[in-house]
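A short worksheet on the structure shown next.
2 protein chains.
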Amino acid sequence: MPRTYEYPRPALTVDAVVFGLDGGELKVLLIERGLEPFKGQWALPGGFVQEGETLDRAVSRELAEEAGVQGVFMEQLYTFGAVDRDPRERVVSVAYYALVNLADHTTRASTDAVDARWFPAATPPPLAFDHADILQMALDRLRGKVRWQPVGFELLPEKFTLTQLQQLYESVLGTSLDKRNFRKKVLGFDFLVPLDETRRDGPHRPAQLFRFDHGRYTSLQRKGFHFEL
Amino acid sequence: MPRTYEYPRPALTVDAVVFGLDGGELKVLLIERGLEPFKGQWALPGGFVQEGETLDRAVSRELAEEAGVQGVFMEQLYTFGAVDRDPRERVVSVAYYALVNLADHTTRASTDAVDARWFPAATPPPLAFDHADILQMALDRLRGKVRWQPVGFELLPEKFTLTQLQQLYESVLGTSLDKRNFRKKVLGFDFLVPLDETRRDGPHRPAQLFRFDHGRYTSLQRKGFHFEL
DNA sequence: TCAAAAGTGTTCTTGATACACCCATGC
DNA sequence: GCATGGGTGTATCAAGAACACTTTTGA
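Those protein sequence lines, which keep their order, are chains C and X.
Following the working numbering, the numbering of the first sequence begins with 953 at its first residue and continues without gaps.
Following the working numbering, the numbering of the second sequence begins with 953 at its first residue and continues without gaps.
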């Protein structure tokens, strides 16, 4: 509750942890810094919040500008306010995390003017500022979230196989899951629709393709619905 | 990731949703505004973030100054960045929620210089700025959190009865719970220690007092431990 | 015909739910 | 002795966990 306006102001930025899934491995999008401090090191995409834009909008703008990433699932993570997190001056940063379908975004990110690349989320290179903390918190959040809400589907292409879905959960949660139990459970939720297509992917039986029915999910959710795993 | 420093800066504040439990009813601490805008209306305690202080510290300071509340459980909630949330100028606010043992804090809050009072959290008076949104999000967060983490104990005195604990859960979750099942479950968790005391509270059998064993809880948690309800 | 992933059911165990009566106290 | 909340156990049901073989394809 502001009462007066005479205080010096910390600078305000946003940073984004963008996750993608590459063949069952969780990756994070990083940008190489061209300027000091931390020149040449990798960092999360992000930048200043401008006067007339909301925080969400600032993140969307930065992601589009720096990484060519647009129209993806995004959620606020945490606001980092350590006094010395930027060596130059006081900068408070509102961190977000985003989930993208890597197949759609991998090319645009790496062909952009700045050098943007995907790294394994579990073993990133050394990061600028406190970005390692931010990444760690985003991983924890994703792990927590994925079990209660069907956000994981944002990481997959629109049509996916149950094996892909299972690999996603295994790699995000860091566990291995029983194939039969997994399938039984997710199909029981009744928001996966089997398509008339299969996916041929090598010298073995083709896999049934599914899509996630957002509408059915939200209507189930309204009826008081417990998603788990 | 800041690159340049030439942008105009939004003002940065913190706001706190302080919850207390009063005889089974969840309450929230509000402060009457002495200045425009929203003069005379109720608002969350809060204020500007100063240069050399972290966000957590800013909240602690404001709570102590405005409400005499100190040393309580506190957690960051969300950062609100709507462009017009303050009618005067751009103000971004990092919201926190706090849980206090109302018995210890009710007097100090209301004897402070500013007028601070406890209101039912479910039916607050009209609030200044977007504070109704902040309160609503804090309620949702508390409801979610209380089921997976033993934060509810922060709302109780150190020594409490199982009935008090059950009422806490009932009032936060808005459901009614079966007494036998509730007791069976929470005692099974093995982090409630029965004391050698009872609490006499009227014309009926005295109730066993318990305390929450933080140490035992964290050690259980390390062993991969599932708390629920 | 072989390798490689897709697909499928049943049993067992565990935890959640539903439910009713006696106990200790103050007045 | 009566009103008030404190305290306790069992039976049923649903969901989770464990577990192994057949199917379809490409090479």
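Idealized CB from N, CA, C, for every residue including glycine.
For residue j and residue i, the rounded distance between their alpha carbons
| i | j | result |
| --- | --- | --- |
| Pro997/X | Gly1104/X | 21 Å |
| Ile983/C | Ala1019/X | 44 Å |
| Val1066/C | Val970/X | 44 Å |
| Arg961/C | Gly1004/X | 10 Å |
| Asp1036/X | Pro1072/X | 28 Å |
| Glu1017/X | Arg1069/X | 14 Å |
| Thr965/C | Ala1090/C | 17 Å |
| Val1145/C | Thr1115/C | 15 Å |
| Arg1151/X | Ala1084/X | 37 Å |
| Leu1079/X | Arg1157/X | 43 Å |
| Gln1002/C | Arg1093/C | 27 Å |
| Tyr1121/C | Lys1097/C | 11 Å |
| Ser1128/X | Lys991/C | 58 Å |
| Gly1021/X | Arg1013/X | A quick correction: the sequence has Val, not Gly, at residue 1021/X. Taking the straight line joining both Cα atoms gives about 9 Å. |
| Arg1009/C | Val1046/C | 12 Å |
| Phe1164/X | Ser1123/X | 19 Å |
| Asp1056/C | His1178/C | 31 Å |
| Thr1170/C | Ala968/X | 31 Å |
| Glu1149/C | Pro1102/C | 23 Å |
| Leu1161/X | Leu1117/X | 11 Å |
| Lys979/X | Val1011/X | 19 Å |
Nearest-angstrom beta carbon gap, residue j and residue i [assumed within contact, 8 Å]
| i | j | result |
| --- | --- | --- |
| Gly972/X | Leu1107/X | 7 Å |
| Asp1038/C | Phe1081/C | 6 Å |
| Phe1025/C | Leu1054/C | Wrong, their Cβ atoms sit about 13 Å apart, outside the cutoff. |
| Trp1100/X | Glu1180/X | 7 Å |
| Phe1143/C | Leu1172/C | 6 Å |
For residue i: DSSP bridge partner residues
| i | result |
| --- | --- |
| Trp1070/C | Leu981/C |
| Leu964/C | Val1044/C |
| Asp1008/C | None; Asp1008/C has no bridge partner. |
| Leu1108/X | Its beta-bridge partners do not exist; DSSP assigns none. |
| Glu1027/X | Tyr1049/X |
| Phe1141/X | The partner list for Phe1141/X (beta bridge, DSSP) is empty, contrary to what the question assumes. |
Residue span of the beta strand (DSSP E) that contains residue i, given as start and end
| i | result |
| --- | --- |
| Ser1045/X | Val1043 to Val1052 |
| Leu996/X | Here Leu996/X belongs to no beta strand (DSSP E), and DSSP marks it neither H nor E. |
Extent of the continuous alpha helix (DSSP H) run through residue i
| i | result |
| --- | --- |
| Val1098/X | His1083 to Trp1100 |
| Val1145/C | Where Val1145/C is concerned, there is no enclosing alpha helix (DSSP H), although the beta strand (DSSP E) it sits in stretches over Leu1144 to Arg1151. |
| Glu1122/X | Leu1114 to Leu1125 |
| Leu1172/X | His1166 to Arg1174 |
| Gly976/C | Per DSSP, Gly976/C belongs to no alpha helix (DSSP H) and is neither H nor E. |
| Phe1177/X | First-last for Phe1177/X: undefined, no H or E at that position. |
Distance cut-off 7 Å: residue i Cβ against heavy atoms of the ligand SAH
| i | result |
| --- | --- |
| Lys1175/C | The ligand SAH is not among the ligands present in this structure, which contains no ligands whatsoever. |
Which residues, in order along the segment 1018 to 1033 of chain X, keep a beta-carbon less than 8 Å from a beta-carbon of chain C? Gln1028, Tyr1030, Thr1031 and Gly1033
Mind checking the segment 959 to 977 of chain C against chain X and listing, in chain order, the residues whose C-beta falls within less than 7 Å of any C-beta there? Tyr959, Pro960, Arg961, Pro962, Ala963, Leu964, Thr965 and Asp967
Cβ-based contacts, 8 Å cut-off: residues of the segment 1091 to 1108 of chain X near chain C: none
Of all the residues that make up the segment 1041 to 1061 of chain X, which are near chain C by a beta-carbon distance shorter than 9 Å? Glu1041, Arg1042, Val1043, Val1044, Ser1045 and Val1046
Chain C contacts from the segment 994 to 1006 of chain X (Cβ-Cβ distance under 9 Å): Ala995, Leu996, Pro997, Gly998, Gly999, Phe1000, Val1001, Gln1002, Glu1003, Gly1004, Glu1005 and Thr1006
Going along the segment 1131 to 1142 of chain C in order, which residues come within less than 9 Å of chain X, judged by CB to CB distance? none
Taking only beta carbons into account, state which residues of the segment 1141 to 1171 of chain X come closer than 8 Å to chain C, listed in chain order. none
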